[in-house]
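For the sequence shown, this note's numbering begins at 1 and goes up steadily by one.
In what follows, a single structure is set out as structure tokens and then discussed.
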Amino acid sequence: MLIPCPNCGPRAEEEFAFGGPVRELPPLDGTADAKAWHRALHGAGRAGGALPEVWYHHAGCECWVTLRRDLASHAFEKAPT
Ligand SMILES: [Zn+2]
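This is the structure we're talking about:
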């Protein structure tokens, strides 16, 4: 699998470490209930389609990058230029 690093271009998956999906967390002021936290922490990716993920390019630019990947096909959307 080639991963389109926005800094280095397409590179082999072995050059990266997966950091997980980007999650939108509930407010940290104590107003969110347990269901909101459960959805935020465990619900990402269940609906399918492309989701934003973070990847660390340890063998290249040594940057954390956010990329969108389709969960069914594993195809990455083109990195922003
Ligand atoms: Zn890179």
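Cβ atoms here follow ideal geometry from the backbone N, Cα and C, with glycine treated the same way.
From a predicted model like this one, the values you see are computed outputs, not experimental measurements.
Could you tell me the boundaries of the beta strand (DSSP E) in which residue i lies?
i, result
"A59", "Neither: A59 is in no beta strand (DSSP E) and is coded neither H nor E."
"A17", "F16 to P21"
"L67", "W64 to D70"
Given this structure, state the Cα-to-Cα distance separating residue i from residue j, to the nearest angstrom.
i, j, result
"L28", "A75", "33 Å"
"H57", "W64", "6 Å"
"E62", "K35", "36 Å"
Give a yes or no on whether the minimum CB-CB distance between residue i and chain C is below 8 Å.
i, result
"T66", "Among the chains of the structure shown, chain C does not appear; only one protein chain is present."
Considering just the uninterrupted stretch of the alpha helix (DSSP H) at residue i, what are its terminal residues?
i, result
"L25", "No alpha helix (DSSP H) holds L25; DSSP gives it neither H nor E."
"L41", "A34 to H42"
Check the C-beta distance from residue i over to residue j and give it rounded, since I have them as a contact under 8 Å.
i, j, result
"A50", "E24", "Actually they do not touch by this definition, with Cβ atoms about 15 Å apart."
"W37", "P52", "In fact, because the Cβ distance is near 19 Å, the residues do not count as touching under 8 Å."
"M1", "E15", "The Cβ separation is near 11 Å, so there is no contact."
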